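Data first, discussion second: the structure below is written as structure tokens.
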Amino acid sequence: MTLSAVAGAAWLSANAGSYWRYRSALADPEKAQWAVLRRYLRANAGTVFGRAHGFSELTSVDAYRARVPVSTAADLEPAIDGIARGRQNVLTHDRVRSLALSSGSVSAAKRIPFTGTLQKEFRRAVAPWLVDLYRRHPSLVPGCAYWSITPVAQERRAAPGCPPVGFEEDSEYLGAAWKRVVDATLAVPGAVRWIHDIETFRYVTLLFLLHRRDLRLISVWHPSFLTLLLEALAPHWPSLIDDVRDGAIRPPRPLPAPLERQLLGSLRPRPRRAAELAALAPDRITAIWPRLGLVSCWGDAHARAQLPAVERMIPGVPIQPKGLLATEAVVTIPFEGLTPLAVRSHFFEFFREGRSYLAHQLQPGEHYSVVVTTGGGLYRYRLDDLVEVNGYAGRTPSLAFLGKTDHVSDLCGEKLNESFVARALDDARRSAAVAPGFALLAPDRLSAVAGYTLYVESGSAPPEALAEHLEAGLSRNPQYRYCRALGQLAPIRVFHSAAPMWPRYLARCVQRGQRLGDIKPLALSTSDDWSSVFEGSYCDAETLLVR
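So the numbering used here is basically just the index in the sequence shown, starting at one, shifted up by 701.
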């Protein structure tokens, strides 16, 4: 039995108890949720936040909701600043181990406290998902898996005694002990994350994957991460086969010597595997990895449109859409064919028309926005995720992610928000000396790679510097910067119009059902058809697209 098979079996066995506890909790979500909230109140009664809100006096869910207001990232900034400076016992009694980065609504990034308790809560969600996955697909257990690795390391600046910012590696979310078990099942070593050049990162990732004929599971976030990775097989196919044969690593751009030595330690010459690959074409994915049994990726909201591309590239391999997972919390997990709420991980509330509902009160077919309380110190925190009840696992609602409630455009994980885009656009116009006027950023799928177009009204074509400055401003969002680095998003394009754009904007909004008096000028639109609405042309087009 291979090491990955042993580790996979050990992982399955270790998580069996969590699977059965979660399965039991699904029958009584009200009881499970109160147990979670009660732990928070008891553990954090002596914190600055707990004392201010009388945690020691709260004996019911209703009392908690009456005493603690709903919060946003902006509300928590003063507390997070204190934590970042090394202050203890602010939001949680548990020590803050790091400040994870996530896109913010009013800033480029928001910092999320990550504690040992929150790690356990993530494991309470991951464990039943994986056990259920392996129970339904037992052929996945003996092989290895590819879990997407973040190719660009996040910054970890921290003063002595202060929590670091970000994680070096995605598997750190599970904690050190579980990370070692997971790493033993991985087809691609975690050291690949230190490769900053994206083409080289893809080459080395593919090289390790090609070594593993026993690849059983591929788990990524956005589907385009996988399609872009697999598309890189063709241009590098002969070189990759040579490297598999020789046990070498010869990417398009050389690796730093220490990193190359570290990665070479995980490889050996595989002439038979190389000969097998040489007889195949690079687009025959299921022949390259004949035991591949499942692809796990996002499949709701905007990501759903990318699933057909994965299906075409890997025909016949099942795709399991992931549940709703945020940096702050796990909301749902794939389980028994549904995506039920992670009732043992965090305490959840759901808002509809200004009223708060609990998990056991949700109605089928209704839409709700998610508010969460976590062991990381987020109390009644708005995630701004919109969900729909699409079924029940026991008495626990299964939820489908519909999108963001706070006017966010999210083509492949970048999560651009209206207020953040407005600030970036204002800064870009000032830097490029462009006078204020109508300007709108919106998704654009006219090119081969999805991206964003800035629609600008002015007497003459705007300078190239406008797009450059806007690109720099948007890149302050770590998720946008990440998607651009991966090539999932194209560079900003500019569509210029000398004709008035506001009347056409108003007319289209009215066509979509908005009342004229309710229409506001926005910096960000989530619609992708504005090039057919406005009169003008793309500044970078070889042939003017006149409307």
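No residue lacks a Cβ here, since even glycine has one placed at the ideal position from N, Cα and C.
Please read all numbers here as calculations on a predicted model, not as lab measurements.
Residue i, DSSP secondary structure in three states
i: F1049; result: strand
i: S1232; result: helix
i: T748; result: coil
i: L1223; result: coil
i: Q1189; result: coil
i: R969; result: coil
i: T901; result: helix
i: A846; result: strand
i: V1195; result: strand
i: T818; result: helix
i: I989; result: helix
i: R913; result: coil
i: S920; result: strand
i: L1063; result: coil
i: S1238; result: strand
i: L887; result: strand
i: T1244; result: Since pLDDT at T1244 reaches only 32, below the 50 mark, its modelled position is unreliable, and the value read off the structure follows with that caveat. Coil.
Rounded Cβ spacing between residue i and residue j (contact assumed at less than 8 angstroms)
i: A892; j: R913; result: In fact, because the Cβ distance is near 16 angstroms, the residues do not count as touching under 8 angstroms.
i: A728; j: G1038; result: Not really, about 17 angstroms apart at Cβ, beyond 8 angstroms.
i: L908; j: C998; result: Actually they are not in contact, since the Cβ atoms of L908 and C998 sit about 22 angstroms apart, beyond 8 angstroms.
i: R992; j: L916; result: 7 angstroms
i: V1090; j: Q1064; result: 6 angstroms
i: A1108; j: L930; result: According to the sequence provided, residue 1108 is His. The question's Ala does not apply to it. Actually they are not in contact, since the Cβ atoms of H1108 and L930 sit about 31 angstroms apart, beyond 8 angstroms.
i: L1141; j: L1223; result: 7 angstroms
i: H1170; j: A1129; result: 4 angstroms
When the options are compared against residue i, the one with the closest alpha-carbon
i: V1150; options: R992, P1192 and N745; result: P1192
i: G1077; options: R788, W721, P1065 and L819; result: L819
i: P829; options: Y1069, A1101 and L1042; result: L1042
i: P843; options: E1054, D1085, G994 and Y1181; result: G994
i: S772; options: P972, S1238 and T1075; result: T1075
i: L910; options: F1048, S849, E961 and P1065; result: S849
i: F1048; options: A726, Y723 and Y741; result: Y741
i: T901; options: P924, R917 and S940; result: S940
i: I950; options: R969, P1163 and S761; result: R969
i: V791; options: W1203, P779 and L802; result: P779
i: E961; options: R985, W895, A988 and A975; result: W895
i: H754; options: S761, Y765 and A744; result: Y765
i: K1105; options: Y1156, L965 and L1084; result: L1084
i: H838; options: G1237, F1036 and D947; result: F1036
i: V1018; options: L1008, A1027 and G718; result: L1008
i: S1161; options: P1179, A1143, R1177 and F1196; result: F1196
i: R786; options: S803, A775, R768 and P814; result: P814
i: G1188; options: P1164, P1137, D898 and A1140; result: D898
i: P770; options: R1081, P1065, D1111 and S719; result: R1081
i: D1145; options: A1134, L1167 and L1112; result: L1112
i: I1034; options: D1001, G1055 and Q1062; result: D1001
i: D1266; options: L965, H937, A1134 and A1030; result: The chain is shown from 702 up to 1248; residue 1266 falls before or after that span and cannot be answered.
i: T1227; options: T1154, A1186 and Q1062; result: T1154
i: E822; options: L1147, Q734 and S920; result: Q734
i: L713; options: V1211, V832, P730 and F750; result: V832
i: L967; options: L929, V905 and L1167; result: Per the sequence presented here, residue 967 reads as Ser, with Leu not at that position. That would be V905, whose Cα lies nearest to the Cα of S967.
i: S1046; options: P1164, A1027 and C1240; result: A1027
i: P936; options: P983, R974 and L964; result: P983
i: A775; options: S803, W922, T793 and E1054; result: S803
i: N1118; options: P1137, G1174 and V1072; result: G1174
i: G1114; options: V1088, G948, R724 and R1182; result: R1182
Delimiting residues of the alpha helix (DSSP H) encompassing residue i
i: G1092; result: Looking at the DSSP string, G1092 is not in any alpha helix (DSSP H); the run it does join, the beta strand (DSSP E), is Y1082 to A1094.
i: S940; result: L934 to D947
i: L1147; result: Element bounds for L1147: n/a, residue is neither H nor E.
i: V737; result: P730 to A744
i: R1056; result: Careful: R1056 lies outside any alpha helix (DSSP H), inside the beta strand (DSSP E) at R1056 to Y1058.
i: V762; result: V762 to R768
i: W721; result: A717 to A726
Span of the beta strand (DSSP E), counted from its first residue to its last, around residue i
i: P1201; result: Where P1201 is concerned, there is no enclosing beta strand (DSSP E), given that its DSSP letter is neither H nor E.
i: S1070; result: H1068 to T1074
i: T1097; result: T1097 to K1105
Ranges of the beta strand (DSSP E) found wholly within the region 1109-1174, counting only runs of at least 3: 1140-1145 and 1152-1158
What runs of the beta strand (DSSP E), each 3 residues or longer, lie entirely inside the region 773-811? 797-803
What residue ranges within the region 992-1052 form continuous beta strand (DSSP E) runs of no fewer than 3 residues, ordered along the chain? 995-998 and 1020-1022
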